[in-house]
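Reviewing the structure listed below.
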Amino acid sequence: MVPGVSIIETTIGEAQAGLRLDRALAELLPDLSRERIKALIVEGQIVSGGRSLNPSMKVAVGQDYSITLPAPVALDAVAQDIPLDIVHEDADLIVVDKPAGLVVHPAAGNLDGTLVNALLHHCDGQLSGIGGVARPGIVHRIDKDTSGLLVVAKSDKAHEGLARQFKDHSIDRLYAAIVYGIPTPGSGTVDAWIGRSDADRKKMAVHREGRGKHAVTHYRVMERLRGAAMVECRLETGRTHQVRVHMAHLGHPLIGDPVYGRDRKGFKSILETLGFKRQALHAKRLGFIHPVTEEPLAFDSPLPADMQELLSELHV
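Going by my numbering, the sequence shown opens with residue 1234, and the numbers climb by one from there.
As structure tokens, then:
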């Protein structure tokens, strides 16, 4: 046998009779997600009596199946002992309070020193390998210079379940932002499509309906400040730079945002004095249904010190 490859044998029981093949095998093999099983069927890694298989075919009692699990493809990232603020951890997932300045995933310009590098060290191989890649189960991201809560899958089942919740918009995500000016009215909804900017492909922008992806942000002014406001933004969708783009679209960009905001009179000296060099955005609440235990989970993160200092400086 090829090193790292494993073979699993299983037989359809009465409880699975008449089900789709992918669903039946997912019930029999709880350590493999249904999406992973679908991929293995398509790749020809699941066989039965020499027949051609497809994920939707119905199964019958007594049918035998052999599942070959290829060795995971190694992630081109090294484990690094980087401190993590862990809010919750169990066998299937981990919730981290990410500091501003920490990149989530290695990429050009940030090949190490990322959250993924830290997770590879902390989890020591106990990570989601959905799709056959040995990597942490990153199911959502927050920007490098945004702080706050992030959930990561450690098992394939958790990865699939969390991804499904993000896709159907059932995740509770609440952000705290400090913006220029005071939005009027004090609460409302921004329902505007987001896609790549025509002027700068590195930026996102609001587009007419049908261009980009549908995005919805519900906002509420929590505190009126000196020429600014503390705003809560609840995400109904989760698009790249969504809060930053939508608040700028309202005419109230985030203070300190180097991409979607411009320095306004009276603020530059305040930011320089405080050494505040990022967008004032914090992922303060994250709630979801545990994809394995089905327990409702909710976590809150206090405003980080740099945003607290900015808030104090701007109090009326």
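The beta-carbon is built from N, C-alpha and C at its ideal position, and this holds for glycine as well.
Give me the residue from the options with the minimum Cα distance to residue i.
i: Val1449; options: Ala1462, Met1463 and Leu1483; result: Leu1483
i: Met1290; options: Ile1274, Pro1535 and Gln1278; result: Ile1274
i: Arg1429; options: Arg1472, Gln1313, Ile1415 and Arg1397; result: Arg1472
i: Phe1399; options: Asp1389, Val1384 and Tyr1413; result: Val1384
i: Glu1465; options: Lys1436, Lys1435, Arg1511 and Val1412; result: Val1412
i: Ile1533; options: Ala1272, Thr1526 and Phe1521; result: The amino acid at residue 1533 is misidentified as Ile; the sequence shows Asp. Asp1533 has its Cα closest to that of Phe1521, out of Ala1272, Thr1526 and Phe1521.
i: His1451; options: Arg1444, Pro1418, Ala1432 and Asp1433; result: Pro1418
i: Gly1381; options: Pro1537, Val1549 and Gly1421; result: Pro1537
i: Ala1410; options: Arg1441, Gln1278 and Met1455; result: Met1455
i: Gln1541; options: His1523, Leu1504 and Thr1526; result: Leu1504
i: Gly1394; options: Arg1269, Ile1279 and Gly1251; result: Arg1269
i: Ile1550; options: Leu1335, His1523 and Ala1438; result: For residue 1550 there is no data in the structure shown, the boundaries of the chain being 1234 and 1549.
Determine whether the beta carbon atoms of residue i and residue j lie at a separation below 8 Å.
i: Thr1347; j: Tyr1298; result: no
i: Ala1513; j: Leu1543; result: yes
i: Thr1506; j: His1402; result: no
i: Arg1256; j: Arg1267; result: yes
i: Arg1453; j: Leu1547; result: no
i: Arg1511; j: Ala1351; result: no
i: Arg1397; j: Trp1426; result: no
i: Gln1278; j: Ile1300; result: yes
i: Asp1552; j: Gln1313; result: The requested residue 1552 is not part of the displayed model; the chain covers only 1234 to 1549.
Which term fits residue i, buried or exposed, when burial requires 16 or more other beta carbons within 10 angstroms of its beta carbon?
i: Ala1293; result: exposed
i: Gln1249; result: buried
i: Arg1495; result: exposed
i: Gln1475; result: buried
i: Glu1528; result: exposed
i: Gly1370; result: buried
i: Pro1486; result: buried
i: Ala1531; result: exposed
i: Ala1192; result: Residue 1192 is absent from the structure shown; the chain starts at 1234 and stops at 1549.
Which whole-angstrom value describes the C-beta separation of residue i and residue j, a residue pair presumed to lie in contact below a C-beta threshold of 8 Å?
i: Lys1387; j: Ala1324; result: 7 Å
i: His1355; j: Leu1317; result: 6 Å
Where residue i and residue j are concerned, what is the direct C-alpha to C-alpha distance, given to the nearest angstrom?
i: Asp1405; j: Arg1477; result: 18 Å
i: Leu1302; j: Met1480; result: 46 Å
i: Asp1539; j: Ala1516; result: 14 Å
i: Tyr1408; j: Asp1376; result: 13 Å
i: Gly1364; j: Ala1340; result: Confidence at Gly1364 is low in this model, with a pLDDT of 46, below 50, so its placement is unreliable and the value that follows should be read with caution. Near 19 Å, if we compare the C-alpha coordinates of Ala1340 and Gly1364.
i: Phe1500; j: Arg1457; result: 16 Å
i: Phe1550; j: Leu1254; result: Because the chain is modelled from 1234 through 1549, residue 1550 falls outside the range shown and cannot be assessed.
i: Asp1378; j: Lys1331; result: 10 Å
i: Gln1296; j: Leu1262; result: 15 Å
i: Gly1421; j: Gly1414; result: 16 Å
i: Asp1389; j: Ala1259; result: 11 Å
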